[in-house]
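*Asks:*
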Amino acid sequence: MDSKFLRYYFEKRLYLENPPLKMKDFIKFCNNRGINIKKSKLEEFEKRGLFYPIFRFKAVYNEVSNVYMAPSFDDYVNEDFMKLYDDYIHIPKDKDFLEFDNFYDKDIGICKIYSYYSSFQIYSLVFLLNNDKLIKDPIPAMDKFIDILIATQIYAPYGRSNMRNYSLKTNYEDFHKRLDEFDLEDTLKIIDADEDELYSVYAKICNELDKYLGSDYAIQLWKSVDWKKKDKCIGYTRLGIEYLQWAMMLKRCIEDYLGREIFDVDEVQGDWEKVKNVIPSDEKGATLRGYRNEVFTNKNTGEYEFNLKRRKSYYLANSLTLDYHPKILLFVEGKTEEIMIPKFFEFYGFNHKNLGIEIIDIGGILNFYSSKTFVNAPNNKPFKAVVNNFFNLINFNLKLWQAIPCFIGDRENDIINKLISGKMFDTKDLLNQIDLSDMDDSDRDFVANDDLNDNLVTGWSWIWDNDFEIDNFKPTEIQRAINDVCGTNISLEDVENIYDSCKNNEKKGIKDIDPKVKNHKIEINKKAFEYMKEDIEKSLNISINDRKIFSILDELIDMSILNHSPVNTSHALRNQKELSLCILKDYNIFKRDEDGI
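Following the working numbering, the numbering of the sequence shown begins with 3 at its first residue and continues without gaps.
#1: Cβ of Trp-403 less than 8 angstroms from any chain C Cβ?
#2: Whose C-alpha, out of Asn-104, Leu-558, Lys-278 and Val-267, is nearest the C-alpha of Leu-290?
#3: I need the DSSP call for Gly-36, collapsed to helix, strand or coil.
#4: Which runs of the alpha helix (DSSP H) at least 4 residues long sit entirely within the stretch 561-591? Give them in chain order.
#5: With respect to the alpha helix (DSSP H) encompassing Glu-339, which residues constitute its N-terminal and C-terminal limits?
#6: Going by C-alpha distance, which of Tyr-219, Asp-103, Lys-146 and Phe-308 is nearest Leu-322?
#7: As an exercise, report each continuous alpha helix (DSSP H) stretch of at least 4 residues that is fully enclosed by the stretch 111-162, in chain order.
#8: For Met-534, does the three-state DSSP call read helix, strand or coil?
#9: With 16 as the cutoff for other CB atoms within 10 Å, does Met-71 come out buried or exposed?
#10: List the residues that DSSP assigns as beta-bridge partners of Ser-321.
#11: When you compare each of Asp-194, Ala-249 and Ser-169 to Val-203 by their alpha carbons, which one comes out closest?
#12: On the three-state DSSP scale, how would you describe His-522?
#13: Pull the bridge partners of Met-71 from the DSSP assignment, please.
#14: When you compare only the Cα positions, how much space is there between Trp-403 and Pro-328?
#15: DSSP state of Glu-19, grouped into three classes?
#16: Where Ser-163 and Pro-140 are concerned, what is the direct C-alpha to C-alpha distance, given to the nearest angstrom?
#17: For Leu-186, which residues in the same chain have their Cβ closer than 6 angstroms to its Cβ, ignoring the five residues on either side in sequence?
#18: How would you label Gly-511, buried or exposed, when you count the other beta carbons within 10 angstroms and need 16 or more for buried?
#19: Give a yes or no on contact between the stretch 166-185 and the stretch 205-213, applying the rule of three or more CB pairs nearer than 8 angstroms.
#20: Taking Cβ positions, are Ile-330 and Ser-562 nearer each other than 8 angstroms?
#21: Following a CB-centred definition, is Asp-556 positioned closer than 7 angstroms to any heavy atom of the ligand FMN?
#22: In angstroms, rounded to a whole number, what distance separates the CA positions of Asn-391 and Lys-337?
#23: Thinking C-alpha only, which one of Ile-559, Asp-560, Tyr-201 and Met-534 is nearest Asp-548?
#24: Would Asn-38 be called buried (16 or more neighbouring beta carbons within 10 Å of its own) or exposed?
#25: Taking Cβ positions, are Ser-117 and Pro-55 nearer each other than 8 angstroms?
#26: Thinking C-alpha only, which one of His-354, Val-227 and Gly-261 is nearest Gln-247?
#27: Looking only at C-alpha atoms, which of Ala-158, Glu-101 and Asn-132 sits nearest to Ser-120?
#28: Using C-beta distances below 8 angstroms, list every residue in its chain close to Val-277, excluding the 5 sequence neighbours before and after it, in chain order.
#29: Looking at the structure shown, is Tyr-214 part of a helix, part of a strand, or coil, going by DSSP?
#30: Once you ignore the five residues that flank Pro-407 on each side, which residues in its own chain have a CB closer than 6 angstroms to its CB?
#31: Would you say Leu-52 and Leu-131 are within 8 angstroms of each other, going by their C-beta atoms?
#32: Go ahead and label Lys-314 buried or exposed: buried means 16 or more other beta carbons lie within 10 angstroms of its beta carbon, across all protein chains shown.
#33: Do Glu-360 and Ile-410 have their C-beta atoms within less than 8 angstroms of each other?
#34: Would you mind giving the Cβ-Cβ distance between Asn-474 and Ile-551, rounded to the nearest angstrom? I have them listed as a contact below 8 angstroms.
#35: On the DSSP bridge assignment, give the partners of Phe-57 in chain order.
#36: Could you spell out the range, first to last residue, of the alpha helix (DSSP H) harbouring Ser-503?
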């Protein structure tokens, strides 16, 4: 930094969004980023003419308080630095070297000359420390590098961001006013630089990111992390985040200047000329941006989804197996299934939420829109309203998140049958997901006719042969559970009679065994579940295959494993096509082959 640039620095208040650091703060700043530096080393480098603060300030002595007053660089003080410039501010390299001990008033032990560094100078410091024995003379190119960063640091808030929100050190109105007034060409002239050097600095910083942050996946992940969380990191990771912050700052600056998108921080790959000359959306071939153009461009809409922040985060999470959206929406007909099915999953060795299975109680949804007394109303209007809500819910989640709708219920209220027989899928929208030019002849002929399924896929719904308890627990388990919970003395024969009645197609359940059962069904199920575990664990001869719940769990687990969350737009479109085709054909794409392979 020379005197002309320093004067401009104060006139334009370039310090506001990235204030200079006092020596002790700069040392702490470096140490937090894994660069161990001491005052003595800074003094040595300065004595050798290799590294200087950007300016020094001769503090004003206050005789009343007996202290030297240091300047403030925030927006709320608004010190008139131009009045202080000639007498109190100077550029260190323009003066003779001064031992650092002379910066202190020895009588009162207080600093009287403050050294101020730019946070960007850590880049120079890393280079000097790594090449200490090789460097004998100053490196003007390094000074120009730092000057370009300081000259454009009005864009620093765009580096302190998670791609959705940015962190300001001043107020919003003042920042944007100064940004509107900022003239990049004039600023570059002040430091005797041109736009090519700006692009070169951007490329060099981008080239450092892999070293500290890892692959392009990790870099994109760090871009999306909240700034306050990133700022708390330490060591080399924090240094990488610092460089990423600068790269994001320069990217926004250059894009404002060129009036178009430029290559992202992990796409430059050291080639600054393509930042200037190539429009990223035109990139093709074996480059990172060429690949992204291929797999993240929605061929139906032409939209480049990698630039959609939340959509990109979704794909990124999936590619890193951090996928958080549900893969299956499992609708059940009552509270009993909602509570007990997770327990069966746990006994089977799985957590249903870790599999991406969300369980939703249909009874709860029915009660939300209407009471159960209206389900079988003569005009059936309340029920149709509920089906319509399921239609919207299912199609939205299927298309956007690829969440497969599945239903489990019994024959008692016949709700599942009504849902299955109703129109559940939007066939017009499903057909829009299919590219006919990319299909074989048989599939093309199939979608050309009118015989298309719009009901729930048969393989995605299960109805208990009798009810949840009768299908999944043994009579002895139910008998013991009822007697334990209700304090009754029900005989095994009483329970077996209910089981036999169910086999004769009589609509009976465990609540018909005793009046007390109705109000304690969930407790009875929990107790019966414990007895079931005991029975299975006691004898290796007892099979679980005759309990319907386990065959359903097998299918749900397969669906979860085989329903691969998309990692890019092309993957998502391919999944949508395959799912649309299997729905229209009423074919369970996730079902195992007959031989179980």
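For every residue, glycine included, the Cβ atom is placed at its ideal position computed from N, Cα and C. Source: prediction; values computed, not measured.
*Replies:* In terms of the structure at hand:
#1: Here chain C cannot be found, since the structure has a single protein chain.
#2: Relative to Leu-290, the option among Asn-104, Leu-558, Lys-278 and Val-267 whose CA is nearest is Val-267.
#3: Three-state DSSP puts Gly-36 in coil, outside helix and strand.
#4: Annotation: the stretch 561-591 contains the following complete segments of the alpha helix (DSSP H) (minimum length 4 residues), in chain order: 571-586.
#5: Glu-339 -> alpha helix (DSSP H) spans 337-349.
#6: When each option's Cα is compared against that of Leu-322, the closest is Tyr-219.
#7: Runs of the alpha helix (DSSP H) spanning 4 or more residues and lying entirely within the stretch 111-162 occur at 124-132, 142-153 and 158-161, in chain order.
#8: Of the three classes helix, strand and coil, the one that applies to Met-534 here is helix, per DSSP.
#9: Result: exposed.
#10: According to DSSP, Ser-321 bridges with nothing at all.
#11: Minimum Cα distance to Val-203 is reached at Ala-249.
#12: Helix.
#13: Residue pairing by DSSP places Met-71 opposite Val-62 in a beta bridge.
#14: In a straight line, the C-alpha of Trp-403 is about 8 angstroms away from that of Pro-328.
#15: Looking at Glu-19 - three-state DSSP - the assignment turns out to be coil, as it is neither helix nor strand.
#16: Going by the C-alpha atoms only, they are around 34 angstroms apart.
#17: Beyond the five residues adjoining it in sequence on each side, Leu-186 comes within less than 6 angstroms, by CB distance, of Tyr-259 in the same chain, given in chain order.
#18: For Gly-511, the number of other beta carbons within 10 angstroms of its own is at least 16, and it is reported as buried.
#19: Taking a cut-off of 8 angstroms on C-beta distances, the stretch 166-185 does not touch the stretch 205-213, as fewer than three cross pairs fall below it.
#20: Yes. Within cutoff.
#21: Although the ligand FMN was asked about, the structure shown includes no ligands whatsoever.
#22: Going by the C-alpha atoms only, they are around 20 angstroms apart.
#23: Closest by alpha carbon: Met-534.
#24: Asn-38 is exposed by the Cβ-count criterion.
#25: When the beta-carbon positions are compared, Ser-117 and Pro-55 come within less than 8 angstroms of each other.
#26: Ranking the options by Cα distance to Gln-247, first place goes to Val-227.
#27: Comparing Cα-Cα distances from Ser-120 to each of Ala-158, Glu-101 and Asn-132, the minimum goes to Ala-158.
#28: Excluding residues within five positions, the ones whose Cβ falls inside 8 angstroms are Tyr-201, Tyr-204, Ala-205, Ile-256, Ile-264, Phe-265 and Val-270.
#29: In this structure, Tyr-214 counts as helix in the three-state DSSP scheme.
#30: Closer than 6 angstroms at the Cβ level, and outside the excluded window around Pro-407, lie Leu-331 and Ile-396.
#31: Between Leu-52 and Leu-131, the CB-CB gap reaches or exceeds 8 angstroms.
#32: It is buried - the Cβ of Lys-314 has at least 16 other Cβ atoms within 10 Å.
#33: Not closer than 8 angstroms, so no.
#34: The pair is a contact, with the Cβ atoms about 5 angstroms apart (cut-off 8 angstroms).
#35: Per DSSP, Tyr-118.
#36: DSSP places Ser-503 in the uninterrupted alpha helix (DSSP H) bounded by 494-505.
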